[in-house]
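Asker:
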Amino acid sequence: MKILVAVKRVVDYNVKVRAKADGTGADTANAKMSINPFCEIAVEEAVRLKEKGVATEIVAISIGAKQSQEQIRTALALGADRGILVETDTDLEPLAVAKCLKAIVDKETPDLVILGKQSIDGDNNQTGQMLGALAGMPQGTFASEVNVAEGKVKVTREIDGGLQTVALNLPAIVTTDLRLNEPRYASLPNIMKAKKKPLETVTPADLGVDTATRVKLLKVAPPAERQAGIKVADVAELVEKLKNEAKVI
Amino acid sequence: MDTPLLNDSDLHFLLYEFLDTEALLARPRYCEHSREVFDATLNTAKTIAEKYFANHNAKGDAHEPQFDGEKVSLIPETQAAWNAFAEAGFLAAHHDFDDGGLQMPEVILRTAMAYFTAANIATAGYGFLTIGAANLIHTFGSPEQKARFLPAMLDGRASGTMALTEPGQGSALADIKTSATPADDGSYRIRGNKMYISGGDHSLTENIIHLVLAKIAGAPAGAGGISLFIVPKFLVNDDGTLGARNDVALAGLLHKMGFRNTTSTVLNFGERDGAIGYLVGEPHQGLRYMFQMMNEARIGVGAGAAILGYQGFNYSLNYARQRPQGRLPSSRDATSPQVNIIEHADVRRLLLSQKAYAEGGLALCLYASSLVEDARTGATETARTNAFTLLDLITPVVKSWPSKYGLKANDNAIQVLGGAGYIREYPVEQYFRDNRLNPIHEGTEGIQGLDLLGRKVPQKNMAGYQLLRAAINATLDDARPFDSAHALAQTLATHLHAFDQTTQQLMARLAQTPDATLANATVYLDVFGRVLVSWLWLKQAVIASRQLDQHRTDLPDVEINFYRGKLQAARYYIEWELPEIMPQLALLDGANSRCFDMQDAWF
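These protein sequence lines map, in sequence, to chains A and B. With full-length UniProt numbering, letter number 27 in the first sequence gets 27, and the count goes up by one each step, no holes. With full-length UniProt numbering, letter number 97 in the second sequence gets 97, and the count goes up by one each step, no holes.
1. State the Cα-Cα distance for the pair residue 29 of chain A and residue 556 of chain B, rounded to the nearest angstrom.
2. For the UniProt domain "Acyl-CoA oxidase/dehydrogenase middle" (162–237) of chain B, list the alpha helix (DSSP H) runs that are entirely contained and at least 4 residues long, ordered along the chain.
3. Please report the Cβ distance between residue 479 of chain B and residue 485 of chain B, rounded to the nearest whole angstrom; I am assuming they are in contact, meaning their Cβ atoms lie under 8 Å.
4. Tell whether a beta-carbon distance below 7 Å holds between residue 15 of chain A and residue 26 of chain A.
5. Using a Cβ distance threshold of 8 Å, determine whether the region 58–74 of chain A contacts the region 98–115 of chain A, with at least three qualifying pairs required.
6. Report yes or no: is there a C-beta of chain B within less than 7 Å of the C-beta of residue 226 of chain A?
7. If I'm right that residue 261 of chain B touches residue 130 of chain B with Cβ under 8 Å, what's the distance once you round it to whole angstroms?
8. Take the Cβ of residue 534 of chain B as the centre, count every other Cβ of all protein chains shown within 10 Å, and call the residue buried at 16 or more, exposed below.
9. When the Cα of residue 515 of chain B is compared with those of B:554, B:453 and B:561, which residue comes out closest?
10. Let me check understanding here. Comparing Cα to Cα, which of B:350, B:383, B:523 and B:179 lies closest to residue 572 of chain B?
11. Output needed for residue 427 of chain B: all residues of its chain with C-beta closer than 7 Å, excluding positions within five of it in sequence on either side, in chain order.
12. Excluding the five sequence neighbours on either side, which residues of its own chain have a C-beta within less than 7 Å of the C-beta of residue 16 of chain B, listed in chain order?
13. Is there a Cβ from chain A that is less than 7 Å from the Cβ of residue 556 of chain B?
14. So residue 90 of chain B contacts chain A; which residues on that side make the cut at Cβ distance below 9 Å?
15. Can you pull the chain A residues whose beta carbon is under 7 Å from the beta carbon of residue 131 of chain B, in chain order?
16. If we call anything under 7 Å between Cβ atoms a contact, is residue 122 of chain B one with residue 41 of chain B?
17. From residue 152 of chain B to residue 145 of chain B, what distance separates their C-alpha atoms?
18. With respect to the beta strand (DSSP E) encompassing residue 310 of chain B, which residues constitute its N-terminal and C-terminal limits?
19. Does any residue of chain B bring its CB to less than 7 Å from the CB of residue 42 of chain A?
20. Do you know whose CA, among B:503, B:490 and B:116, lies nearest residue 466 of chain B's CA?
21. If you drop the 5 nearest sequence neighbours on each side, which residues of the same chain put their C-beta closer than 7 Å to that of residue 254 of chain A?
22. Can you tell which of B:187, B:300 and B:507 has its C-alpha closest to the C-alpha of residue 114 of chain B?
23. Report the neighbours of residue 478 of chain B on chain A: residues whose CB is nearer than 9 Å to its CB, in chain order.
24. Would residue 37 of chain B count as contacting chain A if we go by Cβ distances under 7 Å?
25. For residue 126 of chain A, which residues in the same chain have their Cβ closer than 7 Å to its Cβ, ignoring the five residues on either side in sequence?
26. DSSP puts residue 33 of chain A in a beta bridge; with which residues?
27. DSSP on residue 62 of chain A, reduced to helix/strand/coil?
28. For a contact meaning CB atoms closer than 8 Å, what does residue 41 of chain B contact in chain E?
29. Give the list of continuous beta strand (DSSP E) stretches no shorter than 3 residues that lie fully inside the region 91–139 of chain A.
30. Looking at the secondary structure, which residues open and close the beta strand (DSSP E) in which residue 332 of chain B lies?
31. Nearest by alpha-carbon distance to residue 11 of chain B: which of B:156, B:30 and B:39 is it?
32. Go to residue 376 of chain B, then tell me how far its alpha helix (DSSP H) extends in each direction, as first and last residue.
33. Using only alpha-carbon positions, find the residue among B:70, B:127, B:93 and B:37 that is nearest to residue 80 of chain B.
34. Around the Cβ of residue 110 of chain A, are there at least 16 other Cβ atoms within 10 angstroms (buried) or fewer (exposed)?
35. Heavy atom of the ligand FMN less than 6 Å from the Cβ of residue 476 of chain B, yes or no?
36. When you compare the CB positions of residue 143 of chain A and residue 176 of chain A, do they come within less than 7 Å of one another, or not?
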């Protein structure tokens with residue numbers, strides 16, 4: 001069984017990102033970049049499936065600038081077998097990302113595609129679902145447990161009311177939630193081995209994908225700063241302020 | 001409030017701007033490597049350090065190792081940390097591909113170790129000792145000894161120690177009492193007591209390989225009669241499996257001020273029939289061999305001290321940015337909001353001095369690691385010899401300067417926190433206690449002074465000293481195009497002139513009046529350290545000035561601020577701390593003998 005895993009290069013989760021002064025975006029110049037944490041969980045799940053003997057090959061895909069190779073190398077060091085970089089300097093929206101992935105799914109015909117449920121930069125939570133629609137594959141999103149057996153994948157999903165388990169026919173799409181697993185670190189021998197694993201580069205044009213943006217970014221602004229607290233005289237004043245000033249009740 | 005481990009931007013700067021680590025990729029040994037591999041290695045080190053080491057730094061201090069008469073127990077997190085460290089491959093990383101290693105450069109390994117040390121210096125101690133012991137066996141052991149002991153030390157089944165000190169002998173090893181008697185099978189029987197042996201017993205590994213200094217009967221007196229032995233806790237069979245328990249007994253654990261999760265032990269060798277030991281190399285050459293491990297350990301001790309200084313700096317900096325207290329002297333409005341203490345000039349002084357000590361100390365240790373690397377893999381014979389000579393000269397300073405000033409940095413971190421710094425609810429007092437070991441072990445500060453002035457400076461007709469001076473002069477030239485760095489270079493040049501003169505004088509006196517001249521060796525050590533670190537700060541200032549001159553408009557604010565910070569720390573060190581050598585030089589020049597002349601009875 002072949003698994004496709006998507007990994008996105010994002011600003012490291014430890015970096016405190018600030019809005020640019022002119023409001024055109026976030027200032028990420030020279031910030032440390034890493035694999036999106038949800039994607040790292042996706043890689044880990046694929047590697048565990050391979051270790052269990054369920055999967056035979058793991059292909060890691062990243063879509064982005066040339067430097068996204070680093071994140072593919074990380075995935076290879078964690079246990080993926082080969083990588084595909086869809087190289088583009090445009091910041092792609094989820095739909096374009098899903099279309100690129102769809103083109104690769106057509107070519108690679110995986111049994112399972114595992115993605116993070118969202119990336120910590122865009123926080124869109126759309127790519128997996130869009131890919132499901134485009135590829136006509138069933139999807140199990142926000143997975144906290146994944147079991148593959150008898151041609152199906154059972155996915156336990158974290159939903160508002162609790163946990164929901166769905167059984168999907170393969171090939172299927174799984175998007176990962178935080179509690180699915182705890183990713184391993186890349187051991188030094190595996191970092192060296194990753195260097196020798198194949199990494200192919202294609203472009204969105206090669207895949208026939210139109211990357212035109214459909215969403216217009218108006219402005220990026222920092223959240224309002226927290227105001228200093230005040231003391232109220234009694235409960236009545238508190239209720240009054242909550243009602244009329246904070247407008248929360 | 002979590003303390004960040006070191007500072008990724010600074011490590012990046014030190015590795016790739018201050019040192020030219022990428023140039024190593026051109027050396028045949030590292031052709032399989034790449035910048036990506038280096039960075040991924042450091043990333044793994046940081047991940048493991050954050051997850052498996054930092055989690056029990058305070059707990060290991062509060063719950064020190066226990067010995068119930070049978071077994072030593074450590075808090076369980078220590079085992080998880082050891083396993084992660086070994087499984088990731090850090091014990092073997094720098095060894096040859098053929099020996100199961102990854103041929104990782106020394107400076108990358110040292111930087112990786114910096115993360116573990118920053119997270120938990122006591123737990124990192126086990127890995128540190130094991131790597132050193134394995135290196136020694138690798139260099140001087142016979143092929144048979146290597147095959148028997150190294151595999152387990154490289155994959156984490158066995159750990160290592162260096163067993164030099166005895167209850168009666170510490171700094172002066174020439175008089176050790178531990179004896180080695182030849183046995184019929186070619187091995188030796190070791191008898192004696194060793195004390196302050198770090199990692200001498202614990203339950204982390206199935207075996208412990210002690211490297212023991214002992215004297216074979218009839219050996220010449222003094223240091224030239226000391227031999228080195230491999231003494232395993234359990235004998236190792238030909239197939240690598242464990243054999244009988246060797247006659248090495250734990251007499252007890254010592255209870256330390258800091259560094260507590262590294263066991264400190266008293267070991268009895270040969271209480272019954274004699275512990276089986278295997279001679280390493282030639283008889284009577286043991287101290288020479290052990291110096292390889294000691295010199296490596298000395299760089300490690302310096303780095304550990306700088307790193308603890310770094311962690312205290314990180315913590316107190318965050319604290320000062322968040323702790324409101326008082327107003328500036330110019331503010332007369334009692335109703336105005338209080339300022340964070342980082343606004344107060346004296347707090348900034350405490351922070352800036354910490355920055356100068358911590359970053360300066362780390363720069364010094366990574367520079368020394370680059371010399372270790374060049375001495376092994378430099379392109380030409382001359383490059384290798386020069387690197388070795390220079391490293392040999394500065395090793396006492398690499399060990400002692402960070403040990404003194406990293407500790408002072410921790411002292412200043414406590415001062416920034418005030419009352420909070422003095423209580424165990426905050427981490428800085430532990431950094432101070434942990435760091436207090438560093439001026440003591442691997443040769444005390446006094447010993448380093450004697451080594452520097454009595455041996456390292458004069459040796460080979462001052463060849464090391466000349467190399468260092470040439471390197472400093474090159475940086476003075478590099479500083480010329482940049483106004484800010486050039487001003488610092490001029491200050492350094494003035495002090496260098498005085499330093500050179502004093503050094504020449506001391507060399508002249510050394511042969512005639514060795515006792516009186518060496519009496520002030522610790523003062524000379526401090527002077528030397530201040531000069532050396534001023535040079536390394538000037539080097540950093542030159543890089544920062546160049547970046548600020550050439551890229552002032554296109555660098556992001558964070559980088560501009562980073563380079564300005566480097567420049568300011570260089571200014572602080574060279575303008576505030578370097579000039580303190582002048583009164584010290586006056587003491588040395590005048591052969592001031594107040595301490596030397598003080599009589600026992602007058603106390």
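Here a beta-carbon is modelled for each residue, glycine too, at the ideal position from N, C-alpha and C.
Answerer: So, from the data block:
1. Counted from its first residue, the first sequence places residue 29 of chain A at position 29. Counted from its first residue, the second sequence places residue 556 of chain B at position 556. Distance between the alpha carbons of residue 29 of chain A and residue 556 of chain B: 7 Å.
2. none
3. As a first step, residue 479 of chain B must be located in the second sequence, where it is residue number 479. As a first step, residue 485 of chain B must be located in the second sequence, where it is residue number 485. Right, their Cβ atoms sit about 4 Å apart.
4. Within the first sequence, numbered from 1, the residue matching residue 15 of chain A stands at position 15. Within the first sequence, numbered from 1, the residue matching residue 26 of chain A stands at position 26. No; because the gap between Cβ atoms is not below 7 Å, this pair is not in contact.
5. yes
6. Position 226 of the first sequence, counting from 1, holds the residue named residue 226 of chain A. Not an interface residue.
7. What you label residue 261 of chain B is simply residue 261 of the second sequence in a count that begins at 1. What you label residue 130 of chain B is simply residue 130 of the second sequence in a count that begins at 1. Their Cβ separation, rounded to whole angstroms, is 15 Å, which puts residue 261 of chain B and residue 130 of chain B out of contact at 8 Å.
8. On the second sequence, residue 534 of chain B is found 534 positions in, with the first residue counted as 1. Residue 534 of chain B comes out buried.
9. Sequence index remark: in the second sequence, residue 515 of chain B carries index 515 (1-based). Scanning B:554, B:453 and B:561 for the CA closest to the CA of residue 515 of chain B turns up B:453.
10. What you label residue 572 of chain B is simply residue 572 of the second sequence in a count that begins at 1. The option with the nearest alpha carbon to residue 572 of chain B is B:350.
11. The residue labelled residue 427 of chain B in the question sits at position 427 within the second sequence. Closer than 7 Å at the Cβ level, and outside the excluded window around residue 427 of chain B, lie 3, 58 and 315.
12. Reading the second sequence from its first residue, position 16 is the one you call residue 16 of chain B. Hits under 7 Å: 22.
13. What you label residue 556 of chain B is simply residue 556 of the second sequence in a count that begins at 1. Yes - at least one Cβ of chain A is within 7 Å of the one on residue 556 of chain B.
14. In the second sequence, counting from the first residue as 1, residue 90 of chain B sits at position 90. In chain order: 188.
15. Working through the second sequence from its first residue, we reach residue 131 of chain B at position 131. None at all; the shortest Cβ gap to chain A is about 13 Å.
16. Counting from 1 along the second sequence, the entry for residue 122 of chain B is found at position 122. Counting from 1 along the second sequence, the entry for residue 41 of chain B is found at position 41. Contact: no.
17. Locating residue 152 of chain B in the second sequence gives position 152, where the first residue counts as 1. Locating residue 145 of chain B in the second sequence gives position 145, where the first residue counts as 1. So the alpha carbons of these two residues sit roughly 12 Å apart.
18. Here residue 310 of chain B refers to the residue found at position 310 when the second sequence is read from its first residue. It is not in any beta strand (DSSP E) - residue 310 of chain B instead sits in the alpha helix (DSSP H) that spans 286–322.
19. As a working note, residue 42 of chain A is residue 42 in the first sequence. No, its Cβ sits nowhere closer than 7 Å to a Cβ of chain B.
20. Within the second sequence, numbered from 1, the residue matching residue 466 of chain B stands at position 466. Ranking B:503, B:490 and B:116 by CA distance to the CA of residue 466 of chain B puts B:503 first.
21. The requested residue 254 of chain A does not occur in the structure, where chain A is confined to residues 1 to 249.
22. As a working mapping, residue 114 of chain B is identified with position 114 in the second sequence. It is B:300.
23. Translated into the one-based positions of the second sequence, residue 478 of chain B becomes position 478. None at all; the shortest Cβ gap to chain A is about 25 Å.
24. Residue numbering aside, residue 37 of chain B sits at position 37 when the second sequence is read from its first letter. Residue 37 of chain B counts as touching chain A.
25. As a position in the first sequence, residue 126 of chain A is number 126, starting the count at 1. Contacts found: 94.
26. For the purposes of this step, residue 33 of chain A is taken as the residue at position 33 of the first sequence. For residue 33 of chain A, the beta-bridge partners assigned by DSSP are A:11.
27. Within the first sequence, numbered from 1, the residue matching residue 62 of chain A stands at position 62. DSSP places residue 62 of chain A in strand when its eight states are reduced to three.
28. Checking the listed chains, one finds no chain E in this structure; the protein chains it contains are A and B.
29. Within the region 91–139 of chain A, the complete beta strand (DSSP E) runs of at least 3 residues are 112–116.
30. Position 332 of the second sequence, counted from the first residue, corresponds to residue 332 of chain B. Note, residue 332 of chain B: premise wrong, no beta strand (DSSP E); not H, not E.
31. Taking the second sequence and counting its residues from 1, one reaches residue 11 of chain B at position 11. Cα-wise, what sits closest to residue 11 of chain B is B:39.
32. As a working mapping, residue 376 of chain B is identified with position 376 in the second sequence. Boundaries of the alpha helix (DSSP H) around residue 376 of chain B: 345–377.
33. Start at 1 with the first residue of the second sequence, and residue 80 of chain B comes out as number 80. Selected option, being the one with the closest Cα: B:127.
34. Translated into the one-based positions of the first sequence, residue 110 of chain A becomes position 110. Per the 10 Å Cβ criterion, buried.
35. With respect to the ligand FMN, the structure offers nothing, as it holds no ligand at all.
36. The residue given as residue 143 of chain A occupies position 143 in the first sequence. The residue given as residue 176 of chain A occupies position 176 in the first sequence. Closer than 7 Å, so yes.
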